[in-house]
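Below is one structure; the comments refer to it alone.
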Amino acid sequence: MKITIFGSGYVGLVTGACFAEVGNDVLCVDIDHQKIQRLEQGEIPIYEPGLEALVVENTSKGRLKFTTDIKKGVDFGLYQFIAVGTPPDEDGSADLRHVLSVAESIGTYMEEYRIIINKSTVPVGTADLVKEKVTSVLKERNVIMDFDVVSNPEFLKEGDAVNDFMKPERIVIGVDNPRTKELLRFLYSPFNRSHERFIAMDIRSAELTKYAANSMLATKISFMNEIANIAERVGADIESVRKGIGSDSRIGFSFIYPGVGYGGSCFPKDVQALERTSRKFGYDARILQAVEAVNNDQKGTIVKKIIDHFNGDIKGKVFAVWGLAFKPNTDDMREAPSRTVIEALWKEGATVKAYDPVAMEEAARIYGERDDLKYAANPEEAIIGADALVVLTEWLVFRSPDFEMIKRELRQPVVFDGRNIYSPEYMEQAGFVYYSVGRRP
Ligand code: UGA
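Read left to right, the sequence shown gives residues 26 to 466 (the numbering used here).
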């Protein structure tokens with residue numbers, strides 16, 4: 026089958042590579058010339074395990090192609106995926122400029138029936154806007170042509186995206202006519218083999234499903250962070266509580282890890298956008314507001330512990346920071362808790378020596394050269410001469426470090442663990458002053 030994908034960012038690229046891998050002909054379109062040139066040479070602009078191999082393999086087989094030529098993209102595929110960004114605008118609503126500009130291009134260049142599939146995360150009602158846009162452009166062209174708009178939200182997790190696409194837990198399709206539904210079912214059949222994962226529904230429900238899923242997961246995290254804060258105050262241990270409640274299959278073990286707050290390009294943006302949408306429709310979404318507020322505060326709790334430990338004064342202190350990405354297995358630092366923490370430490374006059382297994386380049390891109398930020402070449406280098414260690418991302422390499430070295434090289438044996446990766450008992454016995462989340466120091 027012939028598939029066009031507009032937007033070669035995270036979602037578009039994974040979608041394109043995976044559809045090509047199962048034998049389709051895929052054309053990825055992006056307006057960024059440099060990005061397309063790099064992709065043609067097999068250079069992947071993001072860090073995502075397994076993606077580069079897929080792109081290189083399918084490009085070499087001729088099944089995956091890249092272009093900046095929008096008309097060529099519209100001519101190419103019966104299936105036209107929109108996978109462009111929807112950044113938050115000033116008030117936190119999703120900015121639909123890019124989505125609607127693709128819709129306009131499709132309307133401008135289409136010469137036969139097209140299925141327009143929206144994969145970008147967009148507010149409820151966007152499919153209708155896309156439909157209106159294409160209809161109005163066709164009208165201007167004075168042509169009558171059939172097309173369909175489908176909502177197909179994406180549930181990929183960064184760091185595990187290829188696997189998530191190849192073996193999805195569900196394929197959600199919002200569609201308003203049975204024929205298009207069957208075409209979509211056919212398109213997704215390679216990923217829908219062992220049992221039924223195809224969930225078709227009306228378009229608005231599919232659009233809302235995406236926000237509801239991310240908001241539910243964000244709610245679990247904020248809820249657990251709140252319980253962790255309570256646990257600290259009442260003298261309970263959140264890790265025991267986590268096990269105690271996670272074993273209830275109605276609650277489950279996933280997404281109940283307390284920490285330094287959720288980050289990334291999705292949860293913060295989507296919780297906010299759904300709250301704004303609700304407000305627009307006259308509903309005051311109090312749970313979503315609380316989820317966001319708890320998360321914003323949570324990023325500051327570790328900073329408060331650091332400042333309190335040093336009796337209110339961290340001016341001139343040096344902190345080794347392990348982990349900059351918003352979670353392991355990605356170099357993504359969008360809305361990363363590390364940014365809030367580092368910036369708060371700077372504000373208090375401290376210096377940071379940072380290390381992350383893959384996000385160092387990204388950090389340098391964001392912060393550049395500054396006197397209060399040193400980029401360490403490895404975890405050990407960050408520790409040497411620092412006043413304390415602060416762990417912000419639970420990368421595997423941080424889980425079992427050389428504690429003897431840490432104790433020897435730190436000026437004081439103090440560890441602030443924002444992800445609860447070490448055992449309080451072990452740390453105490455090893456002679457550390459150890460702070461974590463929701464456990465007694
Ligand atoms: C999230 C969703 O998990 C995907 O299903 C969705 O497709 C994606 O957003 C999207 O909308 O595109 P992602 O942003 O890659 O995926 O990251 P997650 O693995 O969900 O983690 C989000 C944040 O929550 C991270 O900062 C992580 O550290 C934090 N987290 C996660 C916790 O603090 N505790 C947990 O128990 C789980």
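Heads up, the beta-carbon is just placed ideally off N, CA and C, and yes, glycines get one too. The structure presented is a predicted model; accordingly, all values stated were derived computationally and were not measured.
With fewer than 16 other Cβ atoms inside 10 Å of its own Cβ, Met-241 counts as exposed.
Asn-143 has Ile-107, Ser-176 as its beta-bridge partners, per DSSP.
Taking the C-beta atoms as reference points, Arg-465 is found no nearer than 8 Å to Glu-264. Taking 8 Å as the upper bound for CB-CB distance, Val-39 and Leu-163 are not in contact here, some 31 Å apart.
With a threshold of 7 Å, the Cβ atom of Gly-117 does not count as near the ligand UGA, since no heavy atom of the ligand is closer than that. Here Tyr-451 is exposed. Its C-beta has fewer than 16 other C-beta atoms within 10 Å. Shown here, Thr-29 sits in a strand according to DSSP, grouped into three states. Taking 8 Å as the cut-off, the beta carbon of Phe-423 is found closer than this to the beta carbon of Val-416.
Proximity of the region 241-258 to the region 314-330 meets the contact definition, three or more beta-carbon pairs being nearer than 8 Å. In the pairwise beta carbon analysis, the region 347-359 is classified as touching the region 283-298: at least three pairs are separated by under 8 Å. By the neighbour-count definition (other C-beta atoms within 10 Å, threshold 16), Pro-404 is a buried residue. Within 7 Å of the C-beta of Leu-209 there is not a single heavy atom belonging to the ligand UGA. Contact between Leu-212 and Tyr-134 fails: their C-beta atoms lie close to 22 Å from each other, not under 8 Å.
Looking only at Ser-425, Val-174, Gly-307, the smallest Cα-Cα distance to Ala-152 is reached by Val-174. In the three-state reduction of the DSSP assignment, Met-191 falls in the helix class, which pools H, G and I.
Residue pairing by DSSP leaves Lys-305 without any beta bridge partner. Ala-128 is the residue among Ala-128, Glu-68, Gly-277 whose C-alpha sits nearest the C-alpha of Lys-96.
In the assembly as shown, Arg-364 is a buried residue. Its beta-carbon has 16 or more other beta-carbons within 10 Å. Straight-line spacing of the CA atoms in Leu-398 and Arg-311 works out to 38 Å.
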